[in-house]
Each structure stands twice: as structure tokens, then as C-alpha cells.
Amino acid sequence: MKIALDPYMLRHLPMREMVRTVADIGYDHIELSPRADFMPFFLHPRADDDKVAELKGVLAETGVRLASVLPLYKWSSPDEAERQAAVRYGTRMIEVTAELGCPLMNSEFNGRPEKAAESEAAFWRSMEELLPVFEREGIALNLEAHPDDFCELNDPAVDLVRAINKPWVNYLYCAPHTFHLSDGAGDIAGMLRYAGDKLQHVHIADTFNHKGSSGLRYILNPPGTPARIHQHLDIGQGEVDWDAFFGTLRELGFDGVATVCVFAWEERAVASSTFMLERVTKELAA
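The sequence shown begins at 1261 in my numbering and counts up one residue at a time.
Spelled out as C-alpha cells, the structure:
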């Protein structure tokens, strides 16, 4: 079991200061998420040999390790030029992940829900090109369903992961996506159990049920807009059933990576990350 921090709320800090801050809070592991100077959203990695060496150096100094790297690329784009660019960017980031000595990459399905079939076809083309690179570099892959991806629901996402048919490609359950991951009210226990042995990573943050109050919890204009909404809050600030979440993880004997991924409180990033570490450690130690 590894408890990691996604340091996105600390991304404005220089890399060395960010890692040292994570260490000071008490985390042993980092899930490296996009930051403009190293791995931007949807663009080619900026990490050169010097930046890779800098990160490896401060990790060695602090004793913090990389549990995973989380880049985001449009590898399921129905636009072929965009998809090909994403494969090039992804190939380079797999190589950087290997250079960092990190054994795991996480990512999302991406694509467009209104063009689900075309997006899935693009996803499989990209996987055909990238899976050999993952194998060559010895990097495992976890995939998560994300609101506004071509695959947004838990069970179909797990089925897609299983269809890849690689023991080192597994599923990531993101708790703040809970109310988007099912057509119902968010049966966490059922979704985690459905993932079963493919569940190797969880993201931990709270969120509100946007379907609550007959769909009036959030009012979006114009009516009928396809926009998605969710939060990444401290545990207890939203409506995720944490007893069901942690209880089911214990029931399943979960032994993967648990990443704290609160994004809502940059003005109190250290306090939030400290609180979350204490709560998650207590729950998973039990």
C-alpha cells in the first residue's frame, strides 16, 4: 500500500521546493501530475535531461519516491492529427517516466462522449502504438473514467481495461467522480467490487452529488448544457460515502496506490494535504 500526494496545488513552487514541501507534510510518495515546466496538459513534455536529473536528485535527497506519473493526452481524439500528436507526446512521457525510475503511469480515456464510437476507435489505434512502448520501458498503466471522456461510467470503463488484456494495464477508481461513474446515486461498493482484481489505484477527494435535489443541486445555463461538474474537496466537505469507500477497499484487501488529489484549496494546500494524509492513513491502516 502506498499513500501518495498529487501536488497540483503546489505546482507553482519550483520542483525542488515542491518535493521538499511534500516531504515536510509527511508523504512518502508523489503522483506527479501536469505542471507547465515539466509535463503540460495535452502538450509535448518539457522535461529534458537536466530537469529529469533535478527531480531525481531532490527525490533522492528527501527520500520521497514517485508512485506514479499522470500525464493527459488526447490519444482518443477523433481528429487523426491530434491523435497522432498525442501518441508522440505519450511516447516521450513514457520514456521520461522510465528515466525517472517510476514503474507506473496513470491517465484518462479522453475522447468525446458525443463521438463515443469514433473516440473508442481512436483509443484502440493509439493503444496499438503505445502498448509496445510501455512494454519496452517496463511501465505499467492505470486508466480512469473521467467526466466528459468517451467512456464516463465505471463498469464500461472496467470492461475496456479488461479488453486490453494485459496484466499490467489496470483500473483507477476516482472517488470525486463517483456521481458521474454510474447512472444511479453512486454505488461505491458495487463499482469497486466490479473492478475487482483490476482495481490497482484510487484517487481520494470528496465531491457533491450533482444529481441531488432532483438535479437542481447545480443549475447550469443554458438549460440542457452538456457541461459536467464535480469537485476535489477534503474528505467530509462533500457527499461521497466514505464508510462504503474505505470499507470496501478493506474488504477487497486493496494493496495498490491511494492518491490524495484535493484541488480546491490552494490557499491552504499544506493544511489540506496534512488533514488528508492523517485521515487516509487512519482509514487504510484499519
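A virtual CB, placed ideally from N, CA and C, is assigned to each residue, including glycine.
For this session: Could you check what DSSP says for L1401 in three-state terms: helix, strand or coil?
Result: Taking the first residue of the sequence shown as 1, we reach residue 1401 at position 141. The answer is strand: DSSP assigns L1401 an E or B state.
Problem set entry | Separation of V1522 from L1332, as counted between CA atoms | As a position in the sequence shown, residue 1332 is number 72, starting the count at 1. As a position in the sequence shown, residue 1522 is number 262, starting the count at 1. Annotation: L1332 to V1522 spans about 18 Å, alpha carbon to alpha carbon.
Problem set entry | C1434 versus Q1491 - alpha carbon distance | Mapped onto the sequence shown, residue 1434 falls at position 174. Mapped onto the sequence shown, residue 1491 falls at position 231. Cα to Cα, the separation comes out at about 11 Å.
Problem set entry | D1284 (DSSP reduced to helix, strand or coil) | Here residue 1284 corresponds to residue number 24 of the sequence shown, with the count starting at 1. The three-state reading of DSSP puts D1284 in helix, counting H, G and I together.
Exercise. How should S1293 be labelled, buried or exposed, when 16 other C-beta atoms within 10 angstroms of its C-beta is the threshold for buried?
Worked result: Taking the sequence shown and counting its residues from 1, one reaches residue 1293 at position 33. S1293 counts as buried, since no fewer than 16 other beta carbons sit within 10 angstroms of its beta carbon.
Problem set entry | Three-state class that DSSP yields for I1489 in the structure shown | For the purposes of this step, residue 1489 is taken as residue 229 along the sequence shown, with counting starting at 1. In the three-state DSSP reduction, I1489 falls in the coil class, being neither helix nor strand.
For this session: Measure from the alpha carbon of P1427 to the alpha carbon of each residue in G1498, A1296, L1364, then state which is nearest.
Result: In the sequence shown, the residue the question calls residue 1427 occupies position 167. Nearest of G1498, A1296, L1364 to P1427, Cα basis: L1364.
Problem set entry | Close-in-space but distant-in-sequence residues of the same chain around A1487 (CB under 7 Å, 5 per side omitted) | In the sequence shown, the residue the question calls residue 1487 occupies position 227. Excluding five sequence positions before and after A1487, the CB atoms of its chain that fall closer than 7 Å to its own CB belong to L1480, given in chain order.
Exercise. Do you know offhand how far G1450's Cα is from L1265's?
Worked result: What you label residue 1450 is simply residue 190 of the sequence shown in a count that begins at 1. What you label residue 1265 is simply residue 5 of the sequence shown in a count that begins at 1. Roughly 26 Å between the two C-alpha positions.
For this session: Return yes when the Cβ of D1415 is within less than 8 Å of the Cβ of G1371, no when it is not.
Result: For the purposes of this step, residue 1371 is taken as the residue at position 111 of the sequence shown. For the purposes of this step, residue 1415 is taken as the residue at position 155 of the sequence shown. Going by C-beta atoms, G1371 is not nearer than 8 Å to D1415.
Problem set entry | Residue range of the beta strand (DSSP E) that includes L1326 | Position 66 of the sequence shown, counting from 1, holds the residue named residue 1326. That run of the beta strand (DSSP E) goes 1325–1329.
Exercise. Got a sec? Which residues, its chain only, sit under 6 Å from V1393 by beta carbon, not counting five neighbours each side?
Worked result: Mapped onto the sequence shown, residue 1393 falls at position 133. Correct list, in chain order: T1351, I1354.
Exercise. DSSP state of L1273, grouped into three classes?
Worked result: On the sequence shown, position 13 is the one that residue 1273 refers to. Residue state, collapsed to three classes: coil.
Problem set entry | Between the CA atoms of P1482 and T1357 - distance to the nearest angstrom | Locating residue 1357 in the sequence shown gives position 97, where the first residue counts as 1. Locating residue 1482 in the sequence shown gives position 222, where the first residue counts as 1. Straight-line spacing of the CA atoms in T1357 and P1482 works out to 42 Å.
Problem set entry | DSSP state of R1453 mapped onto helix, strand, coil | Counting from 1 along the sequence shown, the entry for residue 1453 is found at position 193. In the three-state scheme derived from DSSP, where H, G and I count as helix and E and B as strand, R1453 is classed as helix.
Exercise. When you compare only the Cα positions, how much space is there between N1430 and L1493?
Worked result: Counted from its first residue, the sequence shown places residue 1430 at position 170. Counted from its first residue, the sequence shown places residue 1493 at position 233. The straight-line gap from Cα to Cα measures roughly 25 Å.
Problem set entry | When I1285, D1308, M1275, A1423 are compared against R1295, the one with the closest alpha-carbon | Position 35 of the sequence shown holds residue 1295. Among I1285, D1308, M1275, A1423, the Cα nearest to that of R1295 belongs to M1275.
For this session: Throw me the rounded Cβ distance for the Y1454 and V1418 pair, which I believe falls under 8 Å.
Result: Counting from 1 along the sequence shown, the entry for residue 1454 is found at position 194. Counting from 1 along the sequence shown, the entry for residue 1418 is found at position 158. So it is a contact: roughly 6 Å between Cβ atoms.
Problem set entry | Pick from V1312, I1285, H1437 that is closest to V1500, judged by C-alpha positions | The residue given as residue 1500 occupies position 240 in the sequence shown. If we check each option's Cα against that of V1500, H1437 comes out closest.
Exercise. Is DSSP giving A1524 helix, strand or coil here?
Worked result: One-based indexing of the sequence shown puts residue 1524 at position 264. In the three-state reduction of the DSSP assignment, A1524 falls in the coil class.
Exercise. If you draw a straight line from the alpha carbon of P1297 to that of F1439, how long is it in whole angstroms?
Worked result: For the purposes of this step, residue 1297 is taken as residue 37 along the sequence shown, with counting starting at 1. For the purposes of this step, residue 1439 is taken as residue 179 along the sequence shown, with counting starting at 1. It should be pointed out that residue 1297 corresponds to Asp in this sequence rather than to Pro. If you draw a straight line from the Cα of D1297 to the Cα of F1439, it comes to about 33 Å.
Exercise. Is it right to say N1425 is buried, meaning 16 or more other beta carbons lie within 10 angstroms of its own, or is it exposed?
Worked result: For the purposes of this step, residue 1425 is identified with residue 165 of the sequence shown, where counting begins at 1. By the Cβ-count criterion, N1425 is exposed, with fewer than 16 other Cβ atoms from all chains shown falling within 10 Å of its own Cβ.
Exercise. What's the gap between the Cα of H1304 and the Cα of S1474?
Worked result: Taking the sequence shown and counting its residues from 1, one reaches residue 1304 at position 44. Taking the sequence shown and counting its residues from 1, one reaches residue 1474 at position 214. Each residue's Cα considered, the two are about 42 Å apart.
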